[in-house]
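Numbering (our numbering), first residue to last: 42 to 756.
Right, dumping it as structure tokens:
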């Protein structure tokens with residue numbers, strides 16, 4: 042083992058005895074009163090004593106949040122090395138970050154963050170000219186909590202419409218600009234949610250939204266019927282034309298976009314996060330009807346390209362790993378579909394640029410990209426820098442050069458320029474971060490879950506660690522909604538790994554790493570597979586002596602917060618530290634908030650039938666805390682403006698855990714103010730959040746942290 046590796050390992054272990062004394066919670070949790078609320082589910086009475094915490098706008102809930110944050114802040118403040126971690130994270134974070142450029146009209150646009158800016162700035166430049174600021178979201182609010190949440194340009198680039206999110210909310214405002222003058226035109230649109238913006242010529246654009254909730258606050262009230270509108274410039278928003286949705290075609294999720302050739306409006310409609318209907322309207326004809334292509338929600342399909350009256354559709358109809366088909370737009374029904382790129386053994390996604398098709402495959406959670414022409418002829422497999430995650434490969438059909446990004450757990454995200462005709466690529470923007478990947482190892486291993494299913498896990502750490510069970514290890518997972526966890530570089534993880542930590546990501550069922558079969562294997566009555574996969578991963582890492590129970594932490598957000606909550610209540614003795622973040626934690630009531638009922642494909646609901654209720658009840662984290670049990674040191678994490686997974690989930694779980702905790706391991710809740718589910722969070726808030734996580738984790742493992750003034754990323 043090299044000297045620097047020895048030093049950093051010792052730095053973590055040096056404070057063991059001292060920190061173990063101080064990890065215990067010696068204070069008093071805020072009092073959380075209990076009501077006698079009960080609900081009847083198929084004859085079973087279920088207590089819900091913390092129902093009052095669901096009222097996220099009440100003075101009583103606000104007081105509870107304030108008192109909990111005071112206790113949490115007091116605990117975190119007394120960790121002696123918390124500031125050292127924050128300082129190191131700030132140092133590592135402070136480098137320029139660029140997005141891939143994209144062309145709109147006469148300008149090339151790109152995002153750039155100088156290093157520690159709370160929000161990335163949108164720049165533009167003409168060929169041979171100097172970049173100029175086009176939009177600076179840092180000026181949207183003094184504290185950086187208002188973010189740019191999407192932008193769409195007209196085909197000629199003369200107008201744009203952009204969305205802003207305040208405090209991380211999913212509810213958005215839309216502002217329209219003349220791009221030449223940067224002056225606002227037309228009124229600001231309000232109450233837009235879960236929406237793209239798609240222009241029809243220069244006259245107006247399509248967008249989606251819900252009516253304001255009839256009951257509850259705007260943050261937590263139920264949103265059921267999504268509507269697609271057309272906003273014509275110069276008209277008031279209340280006069281916008283309803284295109285699809287509403288009472289005649291009630292759907293929970295509706296989106297619409299115009300194809301690049303401006304000939305068709307494509308409408309996707311769904312009632313859950315899986316399965317959608319597909320509709321088409323010919324915009325070249327006056328008052329053309331909206332034609333159904335696919336009705337019902339058994340499969341998923343999306344039009345990814347259109348040219349010369351031909352549609353290119355990505356679908357999982359009879360193809361759980363997806364296939365690309367073509368069809369004449371005049372007769373677009375599924376019986377007329379013809380395979381262009383058939384299904385393979387690996388999940389497929391598709392992008393287009395320069396009149397080429399880029400087939401992006403996922404092989405054991407890493408990327409492979411192939412280029413095809415529009416007839417389905419394979420032209421090449423694109424050479425990538427290594428095993429990792431490639432993204433991009435999209436652009437307008439006249440583009441000759443496009444861009445893609447590549448990253449892995451030990452490869453900082455780098456942008457490459459790609460020549461569509463020759464297949465040659467080169468580095469366009471490489472981050473100037475002080476990191477030497479040759480000092481780190483990232484390895485994919487496979488382990489057996491409870492039922493024998495082989496599960497991949499990628500383990501990343503500094504080279505030279507000893508497999509003696511004494512390494513602090515963070516195990517991360519998600520396991521839901523067909524989401525694939527693929528390798529990506531993290532400055533936060535670097536601050537942990539450079540001091541001897543191990544970061545592990547398990548690609549458990551419920552995700553999309555192996556297509557629909559993998560996803561379905563972790564849904565509804567098979568959801569326990571997800572938790573079993575994660576627990577088996579923890580046991581495997583302990584058996585292989587990467588870590589031990591005393592040094593193992595688990596983390597996950599949203600559906601991953603459910604994962605952590607379920608695993609720590611099912612196997613509390615297996616983990617030293619747990620971070621359930623913005624989690625879905627009350628499985629009997631999740632569907633009563635916002636658009637939560639749309640998650641029923643993955644979860645089912647407690648109202649479906651007694652069998653589904655019983656299944657949800659047996660793993661719902663809020664309902665499975667047991668008084669007197671010693672739970673891991675836990676920091677529940679949420680935000681007061683989370684209107685995706687409402688904070689009531691986390692509030693109720695934290696209250697139940699605090700009442701049940703049977704040992705001195707702390708059970709705290711960290712509640713960000715003026716933040717939401719995660720998107721748009723300012724850099725300063727992100728750095729503080731990660732500093733608090735690592736400090737809490739290491740302190741409760743009896744470890745310390747030291748940031749060396751010398752370059753401790755090189756050996």
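Just so it is clear, CB atoms sit at the ideal spot from N, CA and C, and this is done for glycine as well.
Check	Outcome
Are the stretch 553-564 and the stretch 581-590 touching, with three or more C-beta to C-beta distances below 8 Å?	no
Please state the DSSP three-state secondary structure of residue 420.	strand
Does the pairing of the stretch 340-348 with the stretch 262-273 give three or more beta-carbon distances under 8 Å?	no
Evaluate residue 371 with the Cβ neighbour count: other Cβ atoms within 10 Å of its Cβ, from every protein chain shown; 16 or more gives buried, anything less gives exposed.	exposed
What's the C-alpha gap between residue 565 and residue 145?	44 Å
According to DSSP, is residue 604 helix, strand or coil?	helix
Excluding five sequence neighbours on each side, which residues of the same chain lie with their C-beta closer than 7 Å to the C-beta of residue 666?	610, 697, 698 and 701
Does the distance from the CB of residue 316 to the CB of residue 308 come in under 8 Å?	no
Ends of the beta strand (DSSP E) at residue 336?	First-last for residue 336: undefined, no H or E at that position.
In terms of DSSP beta bridges, what is residue 298 paired with?	307
Give the DSSP bridge partners of residue 212, in chain order.	234
Roughly how far, in whole angstroms, is the beta-carbon of residue 533 from the beta-carbon of residue 406, given that I think they are within contact range, below 8 Å?	About 20 Å; that fails the 8 Å criterion.
Can you tell me where the alpha helix (DSSP H) holding residue 400 begins and where it ends?	Here residue 400 belongs to no alpha helix (DSSP H); instead the beta strand (DSSP E) covers 397-404.
Have a look at residue 754 and residue 578 and give me their C-alpha separation to the nearest angstrom.	Residue placement at residue 754 cannot be trusted, given a pLDDT of 36 that sits under 50; what the coordinates show is reported in the next sentence. So the two alpha carbons sit approximately 28 Å from each other.
Helix, strand or coil for residue 115? Go by DSSP, reduced to three states.	helix
Three or more C-beta pairs under 8 Å: does that hold for the stretch 84-102 against the stretch 500-514?	no
Is residue 56 helix, strand or coil by DSSP?	Only weak support exists for where residue 56 lies, its pLDDT of 41 falling under 50; the coordinates are left without a value.
Let me know the secondary structure DSSP gives residue 194 once reduced to three states.	strand
How would you label residue 636, buried or exposed, when you count the other beta carbons within 10 angstroms and need 16 or more for buried?	buried
Given that a residue counts as buried once 16 or more other Cβ atoms are within 10 Å of its Cβ, and exposed if not, what is residue 421?	exposed
Considering only C-alpha positions, which residue in the set 203, 209, 220 and 477 is nearest to residue 248?	203
Taking the alpha-carbon positions, what's the residue 510 to residue 542 distance?	12 Å
Who are the near neighbours of residue 351 in its chain, counting only those whose CB is closer than 6 Å to its CB and skipping five residues on each side?	367
For residue 317, which residues does DSSP report across the bridge?	None; residue 317 has no bridge partner.
Can we say the stretch 377-397 touches the stretch 355-367, given the rule of at least three CB pairs closer than 8 Å?	yes
Count Cβ pairs between the stretch 480-489 and the stretch 408-423 that sit closer than 8 Å; are there 3 or more?	no
What's the gap between the Cα of residue 55 and the Cα of residue 64?	Note that residue 55 has pLDDT 40, beneath the 50 cutoff, so the model's placement of it is unreliable and the number below is only indicative. Looking at the two C-alpha atoms, the distance is approximately 15 Å.
Which ranges does the beta strand (DSSP E) cover as unbroken runs of at least 3 residues, wholly within the stretch 484-550, from first to last along the chain?	495-503, 514-517 and 543-547
Grab the span of the beta strand (DSSP E) containing residue 271 for me, first residue to last.	267-273
From 325, 281 and 250, pick the residue whose C-alpha is nearest to that of residue 292; which is it?	250
With DSSP collapsed to three states, give me the class of residue 581.	helix
With residue 149 as the anchor, note down where its beta strand (DSSP E) starts and where it stops.	148-154
Expressed to the nearest angstrom, what Euclidean distance is found between the alpha-carbon atoms of residue 495 and residue 744?	33 Å
Report yes or no: do three or more beta-carbon pairs, one from the stretch 509-523 and one from the stretch 459-469, lie closer than 8 Å?	no
Nearest to residue 571 by alpha carbon, out of 583, 594, 547 and 584?	547
Pairs of beta-carbons, one from the stretch 278-286 and one from the stretch 708-717, closer than 8 Å: are there three or more?	no
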